[in-house]
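Numbering (full-length UniProt numbering), first residue to last: 1 to 562.
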């Protein structure tokens, strides 16, 4: 007899599939009305879908419970194949970009997938790689496969191949390491490497130690090669971690609060360079980052080390539970994401946040109803939080104001900024534009207030430069000097603040020839990161000022002698 089809079970699986796909599809949300890299549209989409999915999840959980179906097992399968199909579409999209059939989302990179740059794109594919590998290894073991299993087997192989074709072009070392570590873990679990290694260790300890030593050397050489592949980039991240660690040491238990990374980082970097004990390489690679490029340091800096330990403990619990349930694919993906997060910023992007939540749930979910309800609560509360923080429409209006600002229509731009300030005052870039607009309109006092607020949301030294210029326009030269010197301490590799200081020391109301010549020498001799027309123009102006200040000094000397 033919087995009776359980249509109710199929419908419930379809509901699960629809909700998971709706949540994961945030990666494809792109609003052309927003500037490139602006994620407010994705956060709003995710907020709406998460709140809707939370309600649907509760309904499905109770239906599954009443019918006696295993929701955790179904969810696990739905998650795996949703991610695999998503990886296939992303990889194909990336290949089309590489071959010029589709434009990327960044003018400097030919490969970005649906992301803004190749780093997160590569990390996303690296996260899905262990799922594909796990499915391929599982299905390869099965005998007498049916047509669906054959389809899954070849589908997993095809997506693995696509990912491996695209990943090298992304040039993301973090993603490569994540793929290597998670791939070895998944393959090793399938091949029972821990058990075999234990047996070999009991019989041939010397040989195991020798092989381990060779592997350590290979890893060390590989690490050096990866470091030198993009040396300045790697050095920059190491320096960011160093400054972030110094900031964490100041407040290890409480942190600085959510959204205060830039303030803490900028303060720490300014203090470090002010000490003067830095190397030329550190001066070269220093920047004004929005993130720590290490999610563990980011959490510790904003929330404190205890919160970081709690997050790691929960992730460890989910991994242990996943291993017990033999859900090695999602566990491998979580490991991949945790490795990638060590040198990138995935948790600042909505696509990674929801993917991480879903993967953790796929590791632990079972028949127990409480897990499903807990996940629904997390979705609901997270969605509500994201919805409350929504600034999507305001970011669209900001883009219009920015056009006026860049065109020099400062009065019109100011009116727009005034309307948007209540919703966008947490964004450093917005506050800087608003403050600079007021500076251009000669409203120095209002500009100073806004730019001081901006300095708590961004560690861009241009904020300090414009504050200094505002004070100079007001005739408060000592204050102008203070803020411009702070800018030189924040990023000593930039020539512009030295140029502004030289002009300040050459101004009639604050003439200081010795300090002027010191700054002028720095402007004329300091090697810029990038040679540009602006640098040449600044140097030409300083050369003229050197002559003028020297003449002024001669005149003053003659007057004294007379």
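C-beta atoms are modelled at their ideal positions from N, C-alpha and C, and glycine is treated no differently. Computed from a prediction, not measured in an experiment: that's the story for all the values here.
Sheet register partners of residue 588 (DSSP bridge): Absent from the structure is residue 588, since the part of the chain shown begins at 1 and ends at 562.
Nearest candidate by alpha-carbon position, reference residue 16, set 41, 36, 62: If we check each option's Cα against that of residue 16, 62 comes out closest.
Element boundaries [alpha helix (DSSP H), containing residue 372]: It spans 369–388 - the alpha helix (DSSP H) in which residue 372 sits, taken as one unbroken run.
Residue environment, residue 280, which counts as buried when at least 16 other CB atoms sit within 10 Å: Counting Cβ neighbours within 10 Å, residue 280 comes out exposed, since fewer than 16 surround it.
Helix, strand or coil at residue 543 according to DSSP, with G and I counted as helix: Residue 543 falls in the helix class under three-state DSSP.
Cα-Cα separation between residue 547 and residue 510, rounded to whole angstroms: Whole-angstrom Cα-Cα distance: 17 Å.
Cβ-Cβ separation, residue 345 to residue 293 (assumed contact under 8 Å), whole Å: That belief holds up - the Cβ atoms of residue 293 and residue 345 are roughly 6 Å apart, short of 8 Å.
Residue 115 - DSSP class collapsed to helix/strand/coil: In the three-state reduction of the DSSP assignment, residue 115 falls in the coil class, being assigned neither a helical nor a strand state.
Environment of residue 483 [buried if 16+ CB atoms lie within 10 Å]: It is buried - the Cβ of residue 483 has at least 16 other Cβ atoms within 10 Å.
Where the alpha helix (DSSP H) containing residue 267 begins and where it ends: Note, residue 267: alpha helix (DSSP H), 261–275.
Which of helix, strand or coil DSSP assigns to residue 428: DSSP places residue 428 in helix when its eight states are reduced to three.
Contact belief for residue 264 with residue 286 at Cβ below 8 Å, rounded distance in angstroms: Going by Cβ atoms, the distance from residue 264 to residue 286 rounds to 16 Å, so no, they are not a contact pair.
Through-space distance from residue 258 to residue 10, alpha-carbon basis: Spanning the two alpha carbons is a distance of roughly 43 Å.
Spatially closest choice to residue 351 from 312, 12, 90, by CA coordinates: Checked all of 312, 12, 90; the closest Cα to residue 351 is 90.
Reduced DSSP category for residue 13 - H, G, I as helix; E, B as strand; rest coil: When DSSP states are grouped into helix, strand and coil, residue 13 belongs to the helix group.
Exposed unless 16 or more other CB atoms sit within 10 angstroms - verdict on residue 205: Exposed: under 16 other Cβ atoms inside 10 Å.
Alpha helix (DSSP H) runs contained entirely in the region 490–544, provided each spans 4 or more residues: Fully enclosed alpha helix (DSSP H) runs of no fewer than 4 residues occupy 496–506, 513–525 of the region 490–544, in order along the chain.
Under 9 Å between C-beta atoms of residue 379 and residue 71: Between residue 379 and residue 71, the CB-CB gap reaches or exceeds 9 Å.
Nearest-angstrom Cα separation, counted from residue 275 out to residue 391: When rounded, the distance between both Cα atoms is 40 Å.
Cutoff 6 Å; reference residue 387; Cβ partners in own chain excluding five residues on either side: Answer for residue 387: 47, listed in chain order.
Inter-residue spacing [alpha-carbon to alpha-carbon] between residue 550 and residue 538: In this structure, the CA atom of residue 550 is about 18 Å from the CA atom of residue 538.
Buried or exposed by the 16-neighbour rule on C-beta atoms within 10 Å, applied to residue 301: Under this definition residue 301 is a buried residue.
For residue 470 and residue 439, believed in contact at Cβ under 8 Å, the rounded distance: The C-beta distance from residue 439 to residue 470 rounds to 6 Å, short enough to fall under 8 Å.
Three or more C-beta pairs below 8 Å linking the region 67–81 and the region 410–420: No contact exists between the region 67–81 and the region 410–420.
Simplified DSSP state of residue 471, which is helix, strand or coil: Helix.
Local conformation of residue 40 per DSSP, three classes: Look at residue 40 here: in three-state DSSP terms it is helix.
Euclidean distance between Cα positions of residue 531 and residue 237: If you take the alpha carbons of residue 531 and residue 237, they lie about 23 Å apart.
Beta carbon of residue 564 nearer than 9 Å to that of residue 160: Past the edges of the chain, shown from 1 to 562, lies residue 564, and the structure says nothing about it.
With 16 other Cβ atoms within 10 Å as the buried cut-off, status of residue 101: Around the beta carbon of residue 101, fewer than 16 other beta carbons lie within 10 angstroms, which makes this residue exposed.
Per-residue DSSP class, three states only, for residue 228: It is helical.
For residue 487, the nearest candidate out of 468, 198, 225 (CA to CA): Looking at 468, 198, 225, the one whose alpha-carbon comes closest to that of residue 487 is 468.
The alpha helix (DSSP H) enclosing residue 408, as first and last residue numbers: Where residue 408 is concerned, there is no enclosing alpha helix (DSSP H), because DSSP gives it neither an H nor an E.
Residue of 512, 491, 358, 501 minimising C-alpha distance to residue 22: With distances taken between Cα atoms, residue 22 lies closest to 358.
Cβ neighbours of residue 456 in the same chain (closer than 7 Å, five flanking residues each side left out): Cβ within range, chain order: 263.
Pairwise C-alpha distance: residue 149 and residue 92: So the alpha carbons of these two residues sit roughly 23 Å apart.
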